[in-house]
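Residue numbers (the numbering used here): 1 to 525.
In this text, a Cβ means the ideal position worked out from N, Cα and C, and glycines have one as well.
Next up, the structure:
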């Protein structure tokens with residue numbers, strides 16, 4: 001039987017692109033929209049797409065030759081006006097050719113073209129583009145979001161900084177070029193568990209140039225800081241899930257320094273890393289055509305009446321009908337005498353647990369030293385304060401600039417054994433922690449241990465002594481996101497956690513409301 005041939009149409013934002021995919025890529029053509037000044041203007045981008053759509057489609061169909069079995073298009077997320085041009089074009093062609101229509105999630109298409117090119121079976125994916133920055137993994141029929149930006153996408157942060165200095169769009173490649181001759185200066189580093197925030201970094205970069213720092217130094221430091229944040233949260237997902245493959249996708253993924261840093265991190269962990277070539281990194285018709293092809297083979301088509309675009313369509317809302325595997329997490333035998341997390345190794349061979357923070361080869365030395373010392377001190381300080389307030393945590397024996405010697409806990413790591421009873425206990429423990437004026441900062445089930453009929457907390461490297469409702473909401477958001485991305489009964493576990501949290505902490509209801517606000521920020525921006 002001949003391979004199905006699918007025409008893919010991409011039009012989410014700045015680029016109108018079309019391709020035909022059969023057994024392999026047949027042809028690909030694009031017409032990018034380049035704004036005369038500033039960033040992307042949605043209506044102007046849509047007008048551009050409308051003006052080039054006919055010529056691009058004709059060129060692709062003429063070059064491909066032969067029949068077309070289906071039309072796939074980017075149904076979302078993206079800019080509404082641009083999406084509607086792509087959708088209208090796709091509907092018209094499907095009706096004219098009498099073939100099925102397929103609505104493809106733009107984010108998932110980036111992931112799938114990456115899997116097709118790398119041949120990786122079940123990777124952790126760092127997806128870094130203009131509007132999206134997410135860490136994804138596959139479980140139980142969906143791409144789960146382990147972490148994401150809580151304000152703006154990495155590409156948008158780079159572009160906005162570039163525009164503030166009258167650099168043309170897109171700003172990322174210009175910043176990459178200028179960074180090659182720069183040196184490191186300190187800029188804000190914002191990681192919240194496996195989530196990120198870039199707006200503070202962008203603002204600080206602007207202020208640094210106003211204070212007289214050279215553009216080369218600021219561009220270098222902006223890249224090093226933002227990329228280190230992305231690599232760190234990717235490593236956290238690797239450590240949490242036990243997977244051993246990483247791919248990088250999205251337009252920002254074309255940056256050679258980001259690829260180098262991810263490659264270094266994976267080499268240090270014994271994981272494999274690959275990135276597709278530049279052709280498949282930015283928004284392109286090939287990724288829509290390929291994903292449309294595998295969706296067609298799985299029977300995932302839509303009638304014209306249901307082909308309304310969805311500008312806020314999240315990758316974790318997509319039913320992945322074309323994958324028969326369930327995805328794997330927490331492989332048996334993962335725990336060892338010396339356990340290695342994302343930041344540190346813990347030696348459990350002796351009487352005590354010895355936690356040593358590891359130098360990261362992907363980070364510039366100045367940033368690396370700063371984070372190791374700052375996080376070691378914060379961890380020891382917050383564990384001591386938590387224990388003083390009656391929170392179940394290990395006893396601290398000794399502390400250096402990079403090492404903590406503490407009581408060895410003998411219980412089970414919660415990610416392997418969690419149930420509703422343990423989730424409620426976790427809520428009680430976090431309620432006590434927040435009541436004591438402390439937030440954890442990395443509240444995943446990897447950092448909780450069931451012992452002595454309660455949940456103990458470990459790994460306080462991102463913790464703070466604070467009573468701010470925002471940071472408390474961040475704690476809950478990280479935990480709920482972990483449940484959703486790694487368990488099959490996340491809703492019941494979340495409810496059990498909330499029950500325990502409400503029992504223990506008087507301001508719990510306000511924090512839960514704030515967590516919901518934080519959740520809503522993690523949308524397509």
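Spatial neighbours of residue 25 in its own chain (CB-CB distance under 8 Å, excluding positions within 5 residues in sequence) are listed in chain order as 19, 286, 289, 290.
By the neighbour-count criterion, in which a residue is buried when 16 or more other Cβ atoms sit within 10 angstroms of its Cβ, residue 34 is exposed. In its chain, beyond the 5 residues on either side, 396 have a beta carbon closer than 8 Å to the beta carbon of residue 384. For the 8 Å CB-CB criterion, residue 307 and residue 75 form a contact. DSSP places residue 204 within a helical segment (H, G or I) once states are collapsed to three. Distances from the CA of residue 230 to each of 132, 73, 391, 469 were compared; the closest alpha carbon is that of 132.
The Cβ atoms of residue 80 and residue 42 lie closer than 8 Å to each other. Its chain contains 480, 483 as the residues whose beta carbon lies nearer than 6 Å to that of residue 494, once the 5 sequence neighbours on both sides are disregarded; these appear in chain order. Under the three-state reduction of DSSP output, residue 160 falls in the helix class.
With distances taken between CA atoms, residue 51 lies nearest to 89 out of 275, 251, 382, 89. For the pair residue 147 and residue 114, the CB atoms are not nearer than the 8 Å cut-off. Here the segment 219-238 lies against the segment 358-375, with 3 or more beta-carbon pairs under 8 Å apart. Bounds of the beta strand (DSSP E) holding residue 32 are 25-32.
Nearest to residue 323 by C-alpha distance, out of 295, 40, 355, is 295. Counting along the chain, residue 9 sits inside the beta strand (DSSP E) bounded by residues 6-10. The beta carbon of residue 460 sits closer than 6 Å to the beta carbons of 379, 382, 383 from its chain, once the five residues preceding and following it are set aside; these are given in chain order. Residues of the same chain with a CB within less than 8 Å of the CB of residue 270, apart from the 5 flanking positions on each side, are 244 in chain order. Beta-bridge analysis with DSSP links residue 147 to 135. A straight line joining the alpha-carbon of residue 223 with that of residue 250 spans about 16 Å.
Here residue 425 is not near residue 327, since their CB atoms are 8 Å or more apart. In the three-state reduction of the DSSP assignment, residue 317 falls in the helix class, which pools H, G and I. The three-state secondary structure of residue 105, taken from DSSP, is strand.
Judged by DSSP secondary structure, residue 70 falls outside any alpha helix (DSSP H) and instead within the beta strand (DSSP E) spanning 70-76.
Residue 511 holds the alpha-carbon nearest to the alpha-carbon of residue 439 among 110, 511, 487, 403. Two segments are said to touch when three or more pairs of C-beta atoms, one from each, lie closer than 8 Å; by this definition the segment 349-360 touches the segment 399-408. Listed in chain order, the beta strand (DSSP E) elements of length 3 or more contained wholly in the segment 346-410 are 353-357, 396-399, 403-406.
Counting other Cβ atoms within 10 Å of its Cβ, residue 509 stays below 16 and is therefore classed as exposed. Secondary-structure assignment with DSSP links residue 177 through no beta bridge to anything.
Contact check between the segment 94-110 and the segment 59-79: three or more CB pairs, one atom from each, fall below 8 Å, which counts as touching. Of the candidates 284, 225, 486, 139, 225 places its Cα closest to the Cα of residue 179. For the options 391, 118, 420, 164, the alpha carbon positioned closest to that of residue 272 is the one of 118. In this structure, residue 185 lies away from residue 157, with their beta-carbon atoms at least 8 Å apart. Between residue 154 and residue 218, the CB-CB gap reaches or exceeds 8 Å. Judged by DSSP secondary structure, residue 272 falls within the beta strand (DSSP E) whose first and last residues are 272-274. In the DSSP assignment, residue 248 falls outside any alpha helix (DSSP H) and within the unbroken beta strand (DSSP E) covering 245-249.
Residue 20: member of the beta strand (DSSP E) spanning 15-21, first to last residue.
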